[in-house]
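Residue numbers for the sequence shown follow full-length UniProt numbering, so the first one is 2 and each next one is one higher. Every residue, glycine too, gets a C-beta built ideally from N, C-alpha and C. This structure is a prediction, so every number in the text was calculated from the model and none was measured. Below is one structure; the comments refer to it alone.
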Amino acid sequence: TFVVTENCIKCKHGDCVPVCPADAFHEGPNFLVINPEECIDCGLCEPECPVNAIFQEDEVPEDQQVFIAINEELSTQWPVITEKCEPPADADDWADVDNKLLLLER
Ligand code: SF4
Ligand code: F3S
């Protein structure tokens, strides 16, 4: 499966969503996750993310490993999204900011 990591928080560009053939993305208030039960490992979403938030599970950086469980958990709670969302107006200000996990809204 592929995993959405910290850089998506408060950026939520949504470019990843429309390319997914498996409808695997789920939308929360300021973050998206991938449902590992639905993801078919096609890899199409990874290059679409302008802030490089998406990784194959095996390649998730050491300090982002917690997001494997977060994607699994929140994809059971959040609704499916299949069309591109509008990013927050200040999305660019939050690219590459550290410790955004504290800002994740559930
Ligand atoms: Fe969807 Fe493919 Fe990305 Fe999995 S790897 S979430 S199936 S686009
Ligand atoms: Fe998030 Fe990147 Fe998709 S910021 S919504 S993973 S395009």
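The Cβ-Cβ distance between A96 and C21 does not fall below 9 Å. Note on geometry: alpha-carbon atoms of V61 and V4 lie some 8 Å from one another. When secondary structure is reduced to three states using DSSP, L105 falls in the coil class, being assigned neither helix nor strand.
Check the Cα spacing between D91 and each of C17, A25, L102, N31: the tightest is with N31.
As computed with DSSP, V5 is found in a beta bridge with I55. In this structure, the C-beta of I41 stays at least 8 Å away from each heavy atom of the ligand F3S.
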